[in-house]
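J.:
Protein chains in written order, with the numbering used here: chain A, 15 to 323; chain B, 15 to 293.
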């Protein structure tokens with residue numbers, strides 16, 4: 015901003031131009047600062063402190079050191095971490111490459127009525143978890159004539175008690191998650207695909223590259239930032255998954271803890287048993303895990319540096 | 015050559031069509047089942063058989079009459095909470111995002127890093143201390159208790175910052191010359207040109223609010239105060255006797271969004287994708 019303008023502004027503004035320009039940004043951003051202190055720093059500090067205390071119910075907390083963290087290792091928290099990790103791994107394995115391939119197909123000149131299919135694929139993103147959970151709970155019912163058992167019956171596979179075993183519960187949860195996010199990820203990839211210059215493909219075709227080579231050497235590098243983004247939100251989403259499991263079992267606890275996730279553990283300890291100390295220790299463990307992933311991700315993508323250009 | 019093109023068109027469309035059918039299947043089945051007695055689905059699961067002569071509209075009438083119209087109360091609660099959440103969220107996040115984008119000031123980068131931090135920490139970690147916090151100020155079972163912890167959405171700040179960064183600074187300069195204060199510039203000059211961003215964010219925040227389950231479930235304790243997702247979820251108790259309104263209620267909770275979506279697909283998809291804008 016030129017000096018001339020500053021002087022002009024100062025001269026004509028009743029509220030004192032130069033002074034206001036210095037103060038205004040702090041007023042604009044004040045809501046976030048206040049919000050950050052009350053609804054972020056305070057709760058995180060509180061969780062950290064509580065995780066070091068023995069606190070059941072609203073009784074005053076008693077300092078207990080790392081006792082809660084030791085309890086976690088012996089509790090079904092370990093199983094919850096395993097479930098969340100495997101669930102995250104498999105959802106990433108599907109939800110990163112599959113939507114990219116579908117987006118490339120939808121974007122290709124061979125696709126018929128692309129807009130209709132795009133809209134249909136997007137509908138799950140509009141549906142609440144509760145509504146979708148109703149479908150998955152009863153489509154994967156253990157009844158032999160229920161939807162999914164009838165379907166696998168076609169292939170000669172005997173009916174399963176889907177939500178009664180650990181492995182089949184994982185399958186249901188992964189299918190649920192893929193169903194919900196596939197369309198959104200396709201939309202992300204589709205908008206990234208528009209940024210790749212079309213003549214790159216033409217040049218490669220002239221050079222004799224086949225469709226698969228063009229995909230690997232032009233498309234994948236071209237949408238790399240989006241791939242990283244989709245991977246990141248899939249990891250966050252995976253580790254903080256709770257609502258899906260809750261709607262399938264209608265409870266934060268599941269028989270034999272087959273559907274336990276890290277967050278459902280926090281919920282069950284905190285709200286069902288009022289064991290705030292143990293729940294907080296689980297929360298801090300999850301936070302530590304997420305922060306490690308964040309740091310790795312920030313190192314790779316550097317969002318601040320890039321957008322400051 | 016032409017034959018090859020037709021073959022590829024059929025193949026491409028067929029592959030995508032399979033996934034599209036899977037995507038709309040749950041809605042289709044729940045719609046069909048919503049005309050049958052709810053207990054049938056609870057007992058036998060969803061079935062692939064249609065006996066249309068037994069279908070009744072009675073499940074939809076129940077929504078108005080059952081438990082003195084509790085379903086309508088959930089609907090109103092959902093709408094009220096959504097309106098408050100969207101209005102406050104848009105206002106605060108655009109204010110902060112604009113401030114971060116359009117002013118150079120000490121601490122700007124630190125603040126932006128903190129916004130990213132809030133975006134990255136899953137809110138599920140905070141539900142317990144937030145519950146204690148909201149409880150200590152007696153806001154359990156109130157709309158304010160649902161809205162307050164998310165009143166300045168970090169995603170919104172990030173989005174408005176990206177959007178405002180791309181706007182010409184000359185508008186601010188000329189506003190200053192015309193004697194506008196810094197807030198006049200924001201409200202009179204910048205807000206109108208940020209309308210597309212407000213549109214996209216409205217969709218993103220409204221969808222988030224309408225479908226949100228975990229936090230409202232913790233705060234809203236009495237049935238009269240609950241929103242649609244948790245109200246419907248509460249019908250699933252083992253001793254429930256309201257199964258008949260479960261599916262019709264679920265269908266009616268999605269239907270308005272579906273209609274709005276089908277009328278403005280492009281805006282909707284752009285709005286939801288707005289959450290992903292990076293760098």
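Quick reminder that beta carbons are idealized off the backbone N, C-alpha and C, glycines included.
#1: Starting from the Cα of residue 140/B, find the closest Cα among 60/A, 112/A and 107/A and give me that residue.
#2: Give the residues of chain B in contact with residue 131/A, contact being defined as C-beta atoms less than 7 Å apart.
#3: Among the candidates 184/A, 195/A and 52/A, whose CA atom is the shortest distance from the CA of residue 142/A?
#4: What's the C-alpha gap between residue 155/B and residue 234/B?
#5: Please report how far the alpha carbon of residue 123/B lies from the alpha carbon of residue 114/B, in whole angstroms.
#6: Looking only at its chain, what residues have a beta carbon closer than 6 Å to the beta carbon of residue 294/A, apart from the 5 residues adjacent to it on each side?
#7: How should residue 151/A be labelled, buried or exposed, when 16 other C-beta atoms within 10 angstroms of its C-beta is the threshold for buried?
#8: Run through chain A and tell me which residues come within less than 8 Å of residue 233/B, C-beta to C-beta.
#9: Buried or exposed for residue 306/A, please, with buried defined as at least 16 other CB atoms from any protein chain shown within 10 angstroms of its CB.
#10: Residue range of the alpha helix (DSSP H) that residue 106/A falls in?
#11: For residue 160/A, name the three-state secondary structure that DSSP assigns.
#12: Name, please, each residue of chain A whose Cβ falls closer than 9 Å to the Cβ of residue 58/B.
#13: Starting from the C-beta of residue 207/A, find all residues in its chain whose C-beta is less than 8 Å away, skip the five residues before and the five after it, and write them out in chain order.
#14: Return yes when the Cβ of residue 192/A is within less than 8 Å of the Cβ of residue 108/A, no when it is not.
#15: Quick one: which chain B residues come within Cβ less than 8 Å of residue 193/A?
#16: Where does residue 277/A fall in DSSP's three states?
#17: Check residue 225/B in the structure and name its three-state DSSP category.
#18: Give the residues from the segment 293 to 304 of chain A that approach chain B closer than 7 Å (Cβ to any Cβ), ordered along the chain.
#19: Thinking C-alpha only, which one of 214/B, 227/B, 61/B and 90/B is nearest residue 280/B?
#20: Taking only beta-carbon atoms, is residue 225/B less than 8 Å away from chain A?
#21: Residue 236/B and residue 95/B look like a contact to me (Cβ under 8 Å); what is the Cβ gap, rounded to whole Å?
#22: DSSP three-state call for residue 76/A: helix, strand or coil?
#23: For residue 120/B, report the span of its alpha helix (DSSP H) as first-last.
#24: In whole angstroms, give me the CA-to-CA distance for residue 77/B and residue 250/B.
#25: Do we get a CB-CB distance below 8 Å when we pair residue 292/B with the residues of chain A?
#26: How would you call residue 82/B, buried or exposed, if buried means at least 16 neighbouring beta carbons within 10 angstroms?
#27: When you compare the CB positions of residue 272/B and residue 260/B, do they come within less than 8 Å of one another, or not?
#28: For residue 268/B, name the three-state secondary structure that DSSP assigns.
T.: Taking the definition as stated:
#1: 60/A
#2: 30, 31 and 34
#3: 195/A
#4: 4 Å
#5: 8 Å
#6: 61, 64 and 65
#7: buried
#8: The contacting residues do not exist; residue 233/B stays about 11 Å from chain A at best.
#9: exposed
#10: 91 to 109
#11: strand
#12: 152, 155, 157, 159 and 160
#13: 117, 118, 121, 233, 236 and 237
#14: yes
#15: 36, 37 and 40
#16: helix
#17: helix
#18: 293, 294, 297, 300, 301 and 304
#19: 214/B
#20: yes
#21: That belief does not hold up - the Cβ atoms of residue 236/B and residue 95/B are roughly 15 Å apart, past 8 Å.
#22: strand
#23: Premise fails: residue 120/B is in no alpha helix (DSSP H) and is neither H nor E.
#24: 16 Å
#25: Residue confidence for residue 292/B is low, a pLDDT of 41 falling below 50, so the modelled location carries little weight; the figure read from the coordinates is stated next. Yes, its Cβ sits closer than 8 Å to a Cβ of chain A.
#26: exposed
#27: no
#28: helix
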